[in-house]
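Chains as they are written, first to last, in the working numbering: chain A, 1 to 269; chain B, 270 to 579.
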Amino acid sequence: MSIEDQVAEAGAPEQPKMDERGLVELDDRVPKQAKIENGRATIEAQDMTTRKINAEIKWLVYEEGVKEITVLNPRARHSLGVAILARCKLRFEGSLGYFGCGLIDGPEVEITGRVGWSVAENMMSGTVVVEGNAGSLAGAAMRGGDLVVKGDLGARTGIDQKGGTIITLGNAASMTGFMMQRGRQIICGDVGPGLGDSMYDGTIYVGGEVAALGIDCVPGEWTDADTELIERKFEIYGLGNPPELKKFVCGKKLYNYDSLEPSERKLVL
Amino acid sequence: MCGIAGIIYRNGSGDEHQVGRDMTAMLQAMKHRGPDSTGYALYRGDEDTFVMHVKLSEPNDRDPDIDQRMARQRAEVEQRIKAAGAKVHDISEQERTMTVHFDFDGDLKAVADAAERVRHTEVLSLGRHLEIIKDLGDAETVSEEYGLGKFTGTHAIGHARMATESDVDIANAHPYWAYPFPDVAVVHNGQLTNFHDWRRRLTRAGHRFQSECDSEIIAVYLAEKMSQGKSLQEAMTDSLTELDGVFTYICVTEDELGVAKDMLGAKPLVLYEDDDVVALASEEIAIRQVLDREIETHDPYEGEVKVWSR
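1) Would you list the one or two residues that DSSP bridges to Met295 (chain B)?
2) Under 9 Å between beta-carbons, which chain A residues line up against Asp404 (chain B)? List them in chain order, please.
3) I believe Gly251 (chain A) touches Asp216 (chain A) by the beta-carbon criterion, under 8 Å. Please report the beta-carbon distance rounded to the nearest angstrom.
4) Under 8 Å, do Trp117 (chain A) and Ser136 (chain A) count as touching if we go by C-beta distance?
5) What first and last residue would you give for the alpha helix (DSSP H) that runs through Phe464 (chain B)?
6) Buried or exposed for Met18 (chain A), going by 16 or more other Cβ atoms inside 10 Å?
7) The alpha helix (DSSP H) with Asp226 (chain A) in it runs from where to where?
8) Should Ile57 (chain A) be labelled buried (16 or more other beta-carbon atoms within 10 Å of its own) or exposed?
9) For Leu96 (chain A), which of helix, strand or coil comes out of DSSP?
10) How is Glu345 (chain B) classed by DSSP in three states: helix, strand or coil?
11) Closer than 7 Å, Cβ to Cβ, to anything on chain A: give me those residues from the segment 518-537 of chain B, in chain order.
12) Interface residues of chain B around Trp117 (chain A) at Cβ under 7 Å?
13) Terminal residues of the continuous beta strand (DSSP E) containing Glu362 (chain B)?
14) What are the residues that DSSP puts in a beta bridge with Ile57 (chain A)?
15) Short of 6 Å in beta carbon distance, which residues of its chain neighbour Arg156 (chain A), apart from the five on each side in sequence? Order them along the chain.
16) In the DSSP assignment, the alpha helix (DSSP H) including Val411 (chain B) goes from what residue to what residue?
17) Expressed to the nearest angstrom, what Euclidean distance is found between the alpha-carbon atoms of Ser578 (chain B) and Met495 (chain B)?
18) First and last residue of the beta strand (DSSP E) that includes Thr368 (chain B)?
19) Taking the straight line between their C-alpha atoms, what separation do you get for Lys356 (chain B) and Phe371 (chain B)?
20) Going along the chain, which residues of its own chain have a beta-carbon closer than 8 Å to the beta-carbon of Phe478 (chain B), five neighbours each way excluded?
21) Are Arg349 (chain B) and Val387 (chain B) closer than 8 Å when you measure CB to CB?
22) Excluding the five sequence neighbours on either side, which residues of its own chain have a C-beta within less than 6 Å of the C-beta of Thr76 (chain A), listed in chain order?
23) Using C-beta distances below 6 Å, list every residue in its chain close to Gly113 (chain A), excluding the 5 sequence neighbours before and after it, in chain order.
24) Look at the alpha carbon of Arg341 (chain B) and the alpha carbon of Gly102 (chain A), and state the distance between them as a whole number of angstroms.
25) When the Cα atoms are used, what is the spatial distance from Thr49 (chain A) to Gln460 (chain B)?
26) When you compare the CB positions of Gly183 (chain A) and Gln161 (chain A), do they come within less than 8 Å of one another, or not?
27) Alpha carbon to alpha carbon, how far is Glu364 (chain B) from Leu325 (chain B)?
28) If you drop the 5 nearest sequence neighbours on each side, which residues of the same chain put their C-beta closer than 6 Å to that of Arg234 (chain A)?
29) Quick one: grab the DSSP three-state call for Ala352 (chain B).
30) Which residues in chain A sit within 7 Å of Arg557 (chain B), going by Cβ to Cβ distance?
31) Have a look at the DSSP bridge pairing and note the partners of Ile193 (chain A).
32) What is the DSSP secondary structure of Asp267 (chain A), reduced to helix, strand or coil?
33) In chain B, what lies closer than 7 Å to Asn256 (chain A) by C-beta?
34) List the whole-angstrom C-beta distance separating Gln558 (chain B) from Met295 (chain B), where the pair is believed to meet the contact cut-off of C-beta under 8 Å.
35) In chain A, what lies closer than 8 Å to His567 (chain B) by C-beta?
36) Buried or exposed: which applies to Asp483 (chain B), given that a residue is buried once 16 or more other Cβ atoms fall within 10 Å of its Cβ?
Printed below as a string of structure tokens:
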């Protein structure tokens, strides 16, 4: 009997295997324990490792064609629901740790608890709706899709954001929209110092007090397109009536670019 | 990167709460944030005697006669603190450290100084309540070696260290006791950039520093401020502008636990509080080890100082 067969026969070990450095050894066998009923699946994640939970979600989405998945007891673990590149509905009943639902392209995610740092980091498309608070760096480097946080946000929300929309009904901390390049942020509450610091482009709407604007972030002119966008987004997510918002954009004072190639610049100089 | 954690039970006596076991579970869950060394500052309930933890050697000590030297150190520490006026009740020995229970009337600095006059010796902690335990390895290793599973008390802080600024050894491991102020300890996640300035200032004020670690000054800085009559809250608020760098640190005294976050909010902290317990850690996953249910948590904001007392 080969070693693989022996391992398969012995069943999954209760504790993850550790190598001599004390690191968890790669165990990418899919548990396949989810209950599937009428195209809906439920994963009981209480005693599963992060790797197993993610492997189970991918197995359900890609191989079983399940379009609605509920994960029970995520217990604030890190890196859950990452890198799912297909349309599906994903519901976490509980809280996620750091890097939750990062690198996704397509899923509609609902999180009933709270999320840690870097939720929906690098999201390409899809939606992530969080009922509780979020940590810092929410929607970092996001390229598309919507991130809705019904509680408060931490610092550096949407740092390096390149697209999509971030909405929060609560407050946001310092350096919100730092180095933002495109996309929109709708902050219904107050924001900390350094709002939109060094932003290149994009729009930030703030409902409450702004502690201090960052470098090169200036108030923008309100247009009908802004009203239309905000009303539409609030309606989609059932967020009630939007508060009165102020608009902030890039002042473009730091734009020191030219369109010359390095070889051309030499000729000009 | 480092992981820090704190827990304070606001009610009940020190005998009811297994803070040693709680802190071990919290730090073990954050092992990935720092596997170099683990440290605890644990506060036992009401006691009549003082307890002092003394380090005798480092794990990387190359002395060929280390056993004889440590035996000499143990005898000499006992003799010197007795000469300083301490009534010693009990001495227990661990592999590289010793623990002394004693009675004393007067300035505790005299006892700490007497012990530290022995070469290669460092007083890790001293107080009626505070016990600092730190060693190399993860939380479970340290907890097992020092029997922390049975430790009952009122509050505790802990640190899982990933060394960035100084060596991997016990002297540079957190938590730091605010020598010579009894029962004050600090854990810190971050880097201080004006640490040399503060170290010079505090050295001129008569303080001594055992390590090269930037975090050591925070404990002494706060204790110095408190000895001038400021409250923990006021001292920590001052630190936000007077200490430069990125930091989240937790400071504990006999009956208070406080946390401060720098003006950039660069280092993480997750907070849970209710009427009975306050738990805080670099990652929520650590808090879940002691409160394994859905809980409402949040991240404190930049420049925030919070203090809880019992």
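Just so you know, even glycine gets a beta-carbon here, dropped at the ideal spot from N, CA and C.
It should be emphasised that the depicted structure is a prediction, and the values quoted were computed from it without experimental measurement.
In short:
1) The partner list for Met295 (chain B) (beta bridge, DSSP) is empty, contrary to what the question assumes.
2) Residues of chain A passing the Cβ test: none, with the nearest at roughly 16 Å.
3) Yes, they are in contact, since the Cβ atoms of Gly251 (chain A) and Asp216 (chain A) sit about 5 Å apart, within 8 Å.
4) In this structure, Ser136 (chain A) lies closer than 8 Å to Trp117 (chain A) by Cβ.
5) Residue range 464-473 is occupied by the alpha helix (DSSP H) that includes Phe464 (chain B).
6) The residue is exposed, with fewer than 16 neighbouring Cβ atoms inside 10 Å.
7) Element bounds for Asp226 (chain A): 224-236.
8) Its Cβ being crowded by 16 or more others within 10 Å, Ile57 (chain A) is buried.
9) Coil at Leu96 (chain A), not helix or strand.
10) If DSSP states are grouped into helix, strand and coil, Glu345 (chain B) belongs with the helices.
11) From the segment 518-537 of chain B, only Leu533, Gly534, Pro537 have a Cβ closer than 7 Å to chain A.
12) Contacts between Trp117 (chain A) and chain B, judged by CB atoms closer than 7 Å, involve Pro537 in chain order.
13) Where Glu362 (chain B) is concerned, the enclosing beta strand (DSSP E) stretches over 356-362.
14) Beta-bridge partners of Ile57 (chain A) (DSSP): none assigned.
15) If we look at Arg156 (chain A) and ignore the five residues flanking it on each side, its Cβ neighbours are Ser136, Leu137, Met175, Phe178.
16) Run containing Val411 (chain B): 408-415, per the alpha helix (DSSP H) assignment.
17) Each residue's alpha carbon lies about 15 Å from the other.
18) Bounds of the beta strand (DSSP E) holding Thr368 (chain B) are 366-372.
19) Each residue's CA atom was taken as its position, placing Lys356 (chain B) and Phe371 (chain B) some 5 Å apart.
20) Counting only Cβ-Cβ distances below 8 Å, and skipping sequence neighbours, we find Arg468, Leu471, Thr472, Glu485, Ile486, Val489.
21) When the beta-carbon positions are compared, Arg349 (chain B) and Val387 (chain B) come within less than 8 Å of each other.
22) This sequence places Ala at residue 76 (chain A); Thr is not what is there. Within the same chain, Cβ atoms closer than 6 Å to the Cβ of Ala76 (chain A) are found at Ser95, Gly97, the five residues on either side in sequence being excluded.
23) Excluding sequence neighbours, Gly113 (chain A) sits near Gly94, Ser95, Gly132.
24) For Arg341 (chain B) and Gly102 (chain A), the distance between alpha carbons rounds to 57 Å.
25) Thr49 (chain A) and Gln460 (chain B): Cα-Cα distance of roughly 32 Å.
26) Cβ distance < 8 Å, so Gly183 (chain A) and Gln161 (chain A) count as in contact.
27) C-alpha separation (whole angstroms): 9 Å.
28) The sequence shown places Phe at residue 234 (chain A), not Arg. Excluding sequence positions up to five before and after Phe234 (chain A), its CB lies within less than 6 Å of the CB of Pro242, all in the same chain and listed in chain order.
29) DSSP, read as helix, strand or coil, puts Ala352 (chain B) in helix.
30) Simply Arg75, Ala76.
31) Residue 193 (chain A) is actually Pro in this sequence, not Ile. Looking at the DSSP assignment, Pro193 (chain A) forms a beta bridge with A:Ala212.
32) The residue asked about is misnamed: residue 267 (chain A) is Leu in this sequence, not Asp. Of the three classes helix, strand and coil, the one that applies to Leu267 (chain A) here is helix, per DSSP.
33) Ordered by position in chain B, no residue passes the 7 Å Cβ test against Asn256 (chain A), which lies about 26 Å from the chain.
34) That belief holds up - the Cβ atoms of Gln558 (chain B) and Met295 (chain B) are roughly 5 Å apart, short of 8 Å.
35) Within chain A, the residues placing a beta-carbon under 8 Å from that of His567 (chain B) are Arg114, Asn133, Gly151, Asp152, ordered along the chain.
36) Answer is buried; the Cβ neighbour count reaches 16.
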